[in-house]
Amino acid sequence: MGSGGFGDRGGGRGGFRGAPRGGGRGGRGGFGGGFQQGPPDEIVPMGSFMHACEGEIVCKSINAKIPYFNAPIFIENKTQIGKVDEILGPLNEVYFTVKTQDGIQAGSYSAGDKFYIGTDKLLPIERFLPKPKVVGKG
């Protein structure tokens, strides 16, 4: 009789019915993700070219902030050349790789060439530091 009570509650069925609605929300989120078209209003220097490696660009960060993964990377005239692929190194010496777009050759850049990023695609370094302990709380 106790197990019959669970069946009558319909918890499993309710979750199943809710699944398509959850998918709908995800769909809207995906639509919003594709909204940004073209370069951002403001770009700032992000890194300088070090070398090409396996078709990707390896850069040393010249910005105090950390780039988002998959953030678009531009040259000075706001032409997108690729996206941030990997972020490497310690917090005081950050490096990152750029996966280039089709038709862009990683080896066509020279040491010291600068790459840029939209200001909305940067995280403050404090996000990666341990939070100070608050004493006397509680």
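119 is the number that the UniProt record's numbering gives to position 119 of the sequence shown; each next residue is one higher, with no gaps.
Positions of the beta carbon are idealized from the N, C-alpha and C atoms, including for glycine.
A quick note: this is a predicted structure, and the numbers were derived from the prediction, not measured.
Asked: Three-way DSSP call (helix, strand, coil) for residue 42 in this model; Found: coil
Asked: Nearest residue (CA-CA) to residue 101, options 82, 111, 86, 115; Found: 82
Asked: The region 71 to 82 contacting the region 117 to 128, beta-carbon criterion three pairs below 8 Å; Found: yes
Asked: Neighbourhood of residue 86 by C-beta, 7 Å cutoff - its chain only, sequence neighbours within 5 removed; Found: 96, 97
Asked: Residue 108 beta carbon less than 8 Å from that of residue 49; Found: no
Asked: Expected contact under 8 Å - CB spacing of residue 62 and residue 47 to nearest Å; Found: 6 Å
Asked: Range covered by the beta strand (DSSP E) that runs through residue 104; Found: Element bounds for residue 104: n/a, residue is neither H nor E.
Asked: Span of the beta strand (DSSP E), counted from its first residue to its last, around residue 61; Found: 56 to 61
Asked: Among 69, 104, 134, 135, nearest to residue 141 - alpha-carbon criterion; Found: There is no way to answer for residue 141, as the model of the chain reaches only from 1 to 138.
Asked: Alpha-carbon spacing of residue 106 relative to residue 80, whole angstroms; Found: 13 Å
Asked: Local conformation of residue 134 per DSSP, three classes; Found: coil
Asked: Three-state secondary structure assigned by DSSP to residue 85; Found: strand
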